[in-house]
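So the structure is just underneath, and the comments pick up after that.
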Amino acid sequence: HISTGDIFRKNIKEGTELGKKAKGFIDQGLLVPDELTVGLVTDRISQQDCKNGFMLDGFPRNVAQAQHLDKYLKEVGISLDKVVNIEVDKDILVGRAVGRRICKSCGATYHVEFNPPKVDGVCDVCGGELYQRADDNEETVSKRIQVYLDETKPLVNYYSQEGIIAN
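See below:
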């Protein structure tokens, strides 16, 4: 499972160059530029644990990234089996993100309404402090949804033409 979001958040937390570059875009609800994201993903796919297959989560985010991915996969003799498209109502997406809480210590995830911790603000797993990500606010989530509609939704058509999309 290769999650670009997880990789970016890890790099932000560690203060790496990639993390510093990505943070400004992510905090504004914008996509991280293609050259950063594509390089990150293709490097990850080339690692030994991906030799028997992998699942991409959060990539590609636009047609240009998909074309870069296709080119890379063709060069290394890999083909995509399936692309899964999940559609969710905007209000549900906003509510899920705004209510999300994450443990600072162990990374356990909660939701204030659907999966609250036993004690408000305290992780059930390790007792760590729960926090809300800076980008989990209504304004930024709404912006992310608009970016999805503008840049990512066209991938549905792109992969439909390839015959590998599952809705």
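All residue numbers for the sequence shown refer to this note's numbering, where the first residue is 344 and numbers rise by one. We treat Cβ as the ideally placed atom computed from N, Cα and C, and that holds for glycine. On a predicted model such as this, the values are computed, not experimentally measured, just so you know.
| Asked | Found |
| --- | --- |
| 8 Å CB neighbourhood of glutamine 410 in its chain, flanking five on each side removed | none |
| Reference glutamine 408, options Val381, Asp392, Gly348 and Asn395, closest by Cα | Val381 |
| Three-state secondary structure assigned by DSSP to arginine 462 | The sequence given here places valine at residue 462; arginine does not occur at that position. It is a strand residue. |
| Whole-angstrom distance between threonine 483 and isoleucine 371, CA atom to CA atom | In the sequence as displayed, the identity of residue 371 is glutamine instead of isoleucine. Straight-line Cα distance between these residues: approximately 6 Å. |
| Proximity winner among Lys425, Ile429 and Gly470, relative to isoleucine 445 (alpha-carbon distances) | Gly470 |
| Three-way DSSP call (helix, strand, coil) for arginine 444 in this model | strand |
| Simplified DSSP assignment, three categories, for glutamate 472 | strand |
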